[in-house]
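Chains A and B are the protein sequences, given in the same order.
Counting in my numbering, the first sequence runs from 926 upward without gaps.
Counting in my numbering, the second sequence runs from 22 upward without gaps.
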Amino acid sequence: MSATTPVPTDPHQYLATQVRWRWIEIVFWLATLLPFVLTPSYLVLASQIAITALFALSLDLILGYAGIVSLGHAAFFGFGAYTAGIVSKYGWGEPLTGLLLAGFAAGLLGYLMSFIIARFRHLALIMLTLGFGFLLLELANSMGWLTGGADGLQGVRMWPLLGMFKFDLWGYTSYWYALIVLFLLFLVCRRLINSPFGLSLRGIRENVIRMRAIGAESHAHLRKIYTISAAVAGVAGGLLTQTTETVSLGVLDFQRSADILVILILGGAGRLYGGLIGAIIFMVARDQFSGINPQYWYFPIGLLLIAVVLFLPNGILGGLAQIGASERFQRWRGRLMLGRSSSS
Amino acid sequence: MASVFGVLFDGFAYGMLLFLLSVGLSVTLGMMNFVNLAHCTFGMIGGYVTVTLMNSMGWPFLATLPAAFIAAAVTSVVFERTMFSRLYRSSDLDQCLLTIGLVFVSIASAAWIYGTIQQPVNLPNYLRGSFQVMGVTLGVYRLFLIGFALVVTLVLVLALEYTRFGAQVRAAVDNQRMARGLGINVDRAFAVTFALGSGLAGLGGALAIDIVGLDPAFALAYLVYVLIVVSVGGLGSIGGSFVAATLLGISDMAGKYYLPEIGSFLIYFVMIGLLMWRPAGLFGRR
């Protein structure tokens, strides 16, 4: 009775309705161009937001759609960031191929790890992702000859993009570069999760035993999406390296894994735009409050996290969708009442 | 090498510290399957209570220990009743997020009240110093720590095995639904266990100050160690936690002494290997 639009029973029809572009999505993507005109002095921040959004999108693929809880997703982000940095430091500063390499390297690492990840759930899974995250951080810390250790990787120099556009100080090139990469990978993810493959991932998330019973290959699916997610995270890391021309151990930090989780949950996991909205809100808020000590900054973040879990289980987008549905429900009921009174 | 015994001794003392910090989490996780990442926050509360009582009010060290226990236990019950109990049927993700949020809030609060510096602790004279036994240097405080932890372990094991309440807790860990069906008030047993476990963590936090220091990052830095102990030892198993904590303490200490380059990530390797071999932990039954 609360369903306003009937859900199509035919799966192909259902996917077709999901794939169709809604006007609000087009408005959203057009709005991402606004910083060029409205806030040209904040383009560096805008590019950071785009990179964070891409990272959040990659986590959404495994956490929101496949139900793999990861407390160590920064491992792939950092691996991509270091790959892009090291490639550039040793003489190949071409951005696009560097980015591809970063994505490929992180994807490869993700593929290797997926064989372990797909076998576990619950506490063991949380512990494994956490352990891998710390393992990689310690590895980068101790391999100072390659990564620069705690001092960070020095000497990253990027060549102009496509041989024409230099990375400028105001973040002009950085922003449109990050935005285009984000948009392209967003299209890929959108297509992916609205495919039968994406649908079976959601099935695995909801009930893995039943999916196995109806013959869906859950392990292979989980491995596939984990690899893709790792590659996307690697690309995001590579973007960060290329736009800031430096890499520090912070890219592998537990804090980064936790932050991205907060961003995704805040925006709404299991929704394509959840990570994007979350990234915008989180990064803008952090920029506004950047004057306060980072130690204190985690007070509002923690409170927010508690509040979201207790009162807004599906994030901001989930809450909005709920309100929208209930409003439409009200209107629908109002019209129904009107019709009834006129007929009687 | 004479120092082998020294490393073993220090590692064992360190392991006992980890055991005190993690045994509560092991039992509560086994009972309710609630992924409580805020467990070390209670340890931190205990540590700060001890520091405050000693440095501002001049309490003797030993007298602050019960206070640390009680403060951590009471805080945990308040959290449990107001927040955690609403999420027992939620996904692990929600539980993780709520408790990570608590960790963040506690870290920021501690930084705001006490600053980010390491807190000093002045041990009484009879706990300081060391003596030599057959060429091995034994720290008095570490001996005290080991003795203390062994007594706690003994009390815990005896209480679990021979009291009515202990039997209820064991029943709830083994099969929560069956225990409920038999009329055991699992929720109340859980609340009490939770308070006791958090109190022990608070005690661990207070005892840890002299060995590992105390700053706001404590709640996050030792979380990993505690989770390793719990997941390697197996949920709901005191013996498992004891063995895992001892192993972790000794291997971490030995790694830092003998292999400083790779010692810090050796423990993660060991943990991942053990988890892949036995996902339910060394002594876990599920």
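Don't be surprised by glycine CBs; every beta carbon is placed ideally from N, CA and C.
Cβ pair count under 8 Å reaching 3, the segment 61–78 of chain B against the segment 219–231 of chain B: Counting Cβ pairs under 8 Å, three or more are found: they touch.
Close Cβ partners of Gly957 of chain A (< 7 Å) along its chain, the five nearest in sequence each way excluded: Within the first sequence, numbered from 1, the residue matching residue 957 of chain A stands at position 32. Looking at the sequence provided, one finds Thr at residue 957 of chain A rather than Gly. Within the same chain, Thr957 of chain A has close Cβ partners Leu1104.
Minimum Cβ-Cβ distance from Leu1201 of chain A to chain B less than 8 Å: By 1-based counting over the first sequence, the position of residue 1201 of chain A is 276. Closer than 8 Å: no.
Touch test, the segment 49–60 of chain B against the segment 278–285 of chain B, Cβ-Cβ under 8 Å, three pairs minimum: Segments in contact, no.
Please name the residues in the segment 194–205 of chain B whose beta-carbon is closer than 7 Å to at least one beta-carbon of chain A, in chain order. none
Can you pull the chain A residues whose beta carbon is under 9 Å from the beta carbon of Gly122 of chain B, in chain order? Start at 1 with the first residue of the second sequence, and residue 122 of chain B comes out as number 101. Under the 9 Å cutoff, chain A gives Val1187, Ile1226, Gly1227, Leu1228, Leu1229, Leu1230, Ile1231, Ala1232, Val1233 and Val1234.
Boundaries of the beta strand (DSSP E) in which Phe304 of chain B is found, first to last residue: Here residue 304 of chain B refers to the residue found at position 283 when the second sequence is read from its first residue. Premise fails: Phe304 of chain B is in no beta strand (DSSP E) and is neither H nor E.
Quick check: does the Cβ of Phe186 of chain B come within less than 7 Å of any heavy atom belonging to the ligand GDP? This structure simply doesn't include the ligand GDP, nor any ligand for that matter.
Fully enclosed by the segment 1021–1109 of chain A, which alpha helix (DSSP H) runs are 4 residues long or longer? 1047–1067 and 1069–1072
Chain A residues whose Cβ lies nearer than 8 Å to that of Pro87 of chain B: Taking the first residue of the second sequence as position 1, residue 87 of chain B is located at position 66. Within 8 Å Cβ-Cβ: nothing; Pro87 of chain B doesn't reach chain A, min ~29 Å.
Interface flag, Leu1053 of chain A vs chain B, CB-CB below 8 Å: Your numbering for residue 1053 of chain A matches position 128 in the first sequence. Yes, Leu1053 of chain A counts as interfacial toward chain B.
Members of the segment 1058–1092 of chain A that neighbour chain B once the beta carbon cut-off is set at 8 Å: Phe1059, Leu1060, Glu1063, Leu1064, Asn1066 and Ser1067
Closest residue to Ala94 of chain B among B:Leu42, B:Ala193 and B:Ile271 (Cα-Cα distance): Position 73 of the second sequence, counting from 1, holds the residue named residue 94 of chain B. For the residues B:Leu42, B:Ala193 and B:Ile271, the minimum Cα distance to Ala94 of chain B belongs to B:Leu42.
Any idea what DSSP makes of Phe263 of chain B, helix, strand or coil? The residue you call residue 263 of chain B lines up with position 242 of the second sequence. In the structure shown, Phe263 of chain B sits in a helix (DSSP, three-state: H, G or I).
Would you say Leu244 of chain B and Leu58 of chain B are within 8 Å of each other, going by their C-beta atoms? To locate residue 244 of chain B, count along the second sequence from 1; it is residue 223. To locate residue 58 of chain B, count along the second sequence from 1; it is residue 37. Yes, the pair counts as a contact, with Cβ atoms nearer than the cut-off.
Endpoints, beta strand (DSSP E) assigned at Ser1154 of chain A: Taking the first residue of the first sequence as position 1, residue 1154 of chain A is located at position 229. Looking at the DSSP string, Ser1154 of chain A is not in any beta strand (DSSP E); the run it does join, the alpha helix (DSSP H), is Ser1143 to Thr1169.
Have a look at the DSSP bridge pairing and note the partners of Thr158 of chain B. Indexing the second sequence from 1 puts residue 158 of chain B at position 137. Answer is B:Gln153, bridged to Thr158 of chain B.
CB Ala129 of chain B to CB Gly1175 of chain A, shorter than 8 Å? What you label residue 129 of chain B is simply residue 108 of the second sequence in a count that begins at 1. What you label residue 1175 of chain A is simply residue 250 of the first sequence in a count that begins at 1. Remark: C-beta atoms of Ala129 of chain B and Gly1175 of chain A do not approach each other more closely than 8 Å.
Going by DSSP in three states, Val1172 of chain A sits in which element: helix, strand or coil? Taking the first residue of the first sequence as position 1, residue 1172 of chain A is located at position 247. In this structure, Val1172 of chain A counts as strand in the three-state DSSP scheme.
For Arg191 of chain B, would you say it is in contact with chain A, using Cβ-to-Cβ distances shorter than 8 Å as the test? Translated into the one-based positions of the second sequence, residue 191 of chain B becomes position 170. With its beta carbon at least 8 Å from every one in chain A, Arg191 of chain B lies outside the interface.
Contact set between Gly1216 of chain A and chain B, taken where Cβ atoms lie within less than 9 Å: Taking the first residue of the first sequence as position 1, residue 1216 of chain A is located at position 291. None at all; the shortest Cβ gap to chain B is about 15 Å.
From Thr964 of chain A to Leu970 of chain A, what distance separates their C-alpha atoms? Counted from its first residue, the first sequence places residue 964 of chain A at position 39. Counted from its first residue, the first sequence places residue 970 of chain A at position 45. Thr964 of chain A and Leu970 of chain A: Cα-Cα distance of roughly 10 Å.
Does the distance from the C-beta atom of Thr49 of chain B to that of Thr214 of chain B stay below 8 Å? One-based indexing of the second sequence puts residue 49 of chain B at position 28. One-based indexing of the second sequence puts residue 214 of chain B at position 193. For Thr49 of chain B and Thr214 of chain B, yes; Cβs fall inside 8 Å.
Verify the CB distance criterion: does Leu280 of chain B have a CB-CB separation below 8 Å to chain A? Working through the second sequence from its first residue, we reach residue 280 of chain B at position 259. With 8 Å as the cut-off, Leu280 of chain B does not count as an interface residue toward chain A.
Simplified DSSP assignment, three categories, for Ala971 of chain A: Start at 1 with the first residue of the first sequence, and residue 971 of chain A comes out as number 46. Here Ala971 of chain A sits in helix by DSSP.
Exposed or buried, which one is Gly1080 of chain A when buried takes at least 16 other CB atoms within 10 Å? As a working note, residue 1080 of chain A is residue 155 in the first sequence. It is exposed - the Cβ of Gly1080 of chain A has fewer than 16 other Cβ atoms within 10 Å.
If you reduce the DSSP assignment to three classes, tell me which class Val56 of chain B lands in. For the purposes of this step, residue 56 of chain B is identified with residue 35 of the second sequence, where counting begins at 1. Taken through DSSP and simplified to helix, strand or coil, Val56 of chain B comes out as coil.
Do Phe1001 of chain A and Leu1034 of chain A have their beta-carbon atoms positioned less than 8 Å apart in this structure? As a working mapping, residue 1034 of chain A is identified with position 109 in the first sequence. As a working mapping, residue 1001 of chain A is identified with position 76 in the first sequence. The answer is yes: Cβ separation under 8 Å.
Count the other C-beta atoms from every protein chain shown that fall within 10 angstroms of the C-beta of Ala1274 of chain A, then say buried if there are 16 or more, exposed otherwise. Not covered by the structure: residue 1274 of chain A. The range shown for chain A is 926 to 1269.
Residues that Gly1311 of chain A contacts on chain B, provided the C-beta gap is smaller than 7 Å: Since the first residue of chain A shown is 926 and the last is 1269, residue 1311 of chain A is not available in this structure.
Comparing the C-beta of Ile134 of chain B with each C-beta of chain A, is any distance below 8 Å? Taking the second sequence and counting its residues from 1, one reaches residue 134 of chain B at position 113. It does not; no Cβ of chain A falls within 8 Å.
So the alpha helix (DSSP H) Gly1140 of chain A belongs to, where does it begin and stop? To locate residue 1140 of chain A, count along the first sequence from 1; it is residue 215. From DSSP, Gly1140 of chain A is part of no alpha helix (DSSP H); its letter is neither H nor E.
Terminal residues of the continuous alpha helix (DSSP H) containing Ile283 of chain B? For the purposes of this step, residue 283 of chain B is taken as residue 262 along the second sequence, with counting starting at 1. Here Ile283 of chain B belongs to no alpha helix (DSSP H), and DSSP marks it neither H nor E.
By the 10 Å Cβ neighbour count, where 16 or more other Cβ atoms means buried, how is His937 of chain A classified, buried or exposed? Numbered from 1 along the first sequence, position 12 holds the residue referred to as residue 937 of chain A. So His937 of chain A ends up on the exposed side.
How far does the alpha helix (DSSP H) with Tyr135 of chain B in it reach, from first residue to last? Against the second sequence, residue 135 of chain B aligns to sequence position 114. Looking at the DSSP string, the run of the alpha helix (DSSP H) that includes Tyr135 of chain B is Asp113 to Tyr135.
What did DSSP end up calling Ile1217 of chain A once you bin it into helix, strand or coil? Residue mapping note: residue 1217 of chain A aligns to position 292 of the first sequence, counting from 1. Coil.
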